[in-house]
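Numbering (UniProt numbering), first residue to last: 1 to 308. A short write-up of the structure that comes next.
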């Protein structure tokens, strides 16, 4: 029934607000073209009362970052009994916390990189592990706050302990995995295609690579052997199910094939609120599987529920 009233939740107040505004606009415009009645809700602290008054049939969650994908907005929607898209309270909270997500992935046999969680001030003067390694906030997305410490670097990155750091005091230090950046999306209970991300002019898939036009090249489908392709799909679906995700998710991997074709595959993280901007990966992967942007969003609206 395309006459459903859909509230598209966008914007918000996390560091990923610009991405969410872009995702939300693209989704709202496409859902209107699909025949839905759409209300755009720029989320602020009074979102509960706004939605209670609006009473939409479905909330399409296009928020990114803390509050939008850590179980908080999901809890508000559960309380208001408004069916919503993407993952539920627990899965969202687990996936957003990189340490907990990795523990769950590892427990079901998904290969992850060695890592430790430390206070950022504890690593100001001494390397927490032998370089190369990556320092990343435990609860951020879109590569915000990610710092790569290269081989031979004499000191830990000073920015981590500076007053300019705004990503919390708890950080994850993770062994740097060489290789190619691969990603795979899940839609319902089906793993879609595998895509390779090739940053252009960037050392890794950072914020600009993700969201600035021309920041990266996407090879969909990825040019890898069929057995590696299938293995990535299997691991992606396994992570989605182990963490308890619903709707659409995306898992990111490193694939080091420098020494052999089988190489090393390492799962990095799962994203329960993948970007839906014009340069985003999930719409591109879905299109390759035969789902137009409008079809993908319609499926997500019809899949919406509470108690996810």
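A virtual CB, placed ideally from N, CA and C, is assigned to each residue, including glycine.
Residue 118 and residue 128: beta carbons closer than 8 Å?
Yes, the pair counts as a contact, with Cβ atoms nearer than the cut-off.
Can you look up residue 3 in the DSSP assignment and give me helix, strand or coil?
Reduced to three states, the DSSP call for residue 3 is coil.
Which ranges would you report for the alpha helix (DSSP H) in the region 223-280 if only whole runs of at least 4 residues count?
Listed in chain order, they are 226-243.
With residue 172 and residue 217 assumed to form a contact (beta carbons below 8 Å), what rounded beta-carbon distance in angstroms separates them?
Contact doesn't hold; Cβ gap of about 28 Å is too wide.
Counting Cβ pairs, one atom from each stretch, are 3 or more of them under 8 Å apart for the region 180-194 and the region 145-154?
Contact between the region 180-194 and the region 145-154 is absent, because fewer than three Cβ pairs lie under 8 Å.
When DSSP labels each residue in this structure, what does residue 290 get in the three-state scheme?
Three-state DSSP puts residue 290 in coil, outside helix and strand.
In chain order, what residues of the same chain lie with their CB nearer than 6 Å to the CB of residue 24, ignoring the 5 residues before and after it?
Cβ within range, chain order: 8, 10, 62.
Measuring CA to CA, which of 284, 146, 80, 76 is closest to residue 89?
When each option's Cα is compared against that of residue 89, the closest is 76.
Taking DSSP's pairing of strands, which residues face residue 39 in a bridge?
DSSP, once it has assigned bridges, lists 7 as partnering residue 39.
Quick check on this structure: which residue in 243, 65, 130 has the alpha carbon closest to the alpha carbon of residue 17?
The candidate whose alpha carbon is nearest that of residue 17 is 65.
By how many angstroms is the C-alpha of residue 53 removed from the C-alpha of residue 266?
One C-alpha to the other measures close to 46 Å.
Buried or exposed: where does residue 235 fall if 16 or more other Cβ atoms within 10 Å of its Cβ makes it buried?
Classification of residue 235: buried, given that the 10 Å Cβ count is 16 or more.
Going straight from the alpha carbon of residue 306 to that of residue 83, what length do you get?
So the alpha carbons of these two residues sit roughly 5 Å apart.
Is the region 292-303 touching the region 259-273, taking contact as three or more C-beta pairs under 8 Å?
The answer is no - the region 259-273 does not touch the region 292-303, with fewer than three Cβ pairs under 8 Å.
Return the bridge partner residues of residue 79 from the DSSP annotation.
None; residue 79 has no bridge partner.
Sort 154, 21, 255, 135 by Cα distance to residue 115 and report the nearest one.
Cα-wise, what sits closest to residue 115 is 135.
Looking only at C-alpha atoms, which of 68, 39, 185 sits nearest to residue 58?
If we check each option's Cα against that of residue 58, 39 comes out closest.
If you draw a straight line from the C-alpha of residue 228 to the C-alpha of residue 60, how long is it?
For residue 228 and residue 60, the distance between alpha carbons rounds to 34 Å.
Taking residue 68 and residue 288 to be in contact with their CB atoms under 8 Å, please state how far apart those CB atoms are, rounded to whole angstroms.
Incorrect: roughly 27 Å between the Cβ atoms, too far for contact.
With respect to the beta strand (DSSP E) encompassing residue 115, which residues constitute its N-terminal and C-terminal limits?
Residues 115-119.
Roughly how many angstroms separate the alpha carbons of residue 237 and residue 93, rounded to a whole number?
Rounded to the nearest angstrom, the two C-alpha atoms are 18 Å apart.
Quick one: measure Cβ to Cβ for residue 194 and residue 222, integer angstroms, because I've assumed they're closer than 8 Å.
Indeed they touch by this definition, with Cβ atoms about 5 Å apart.
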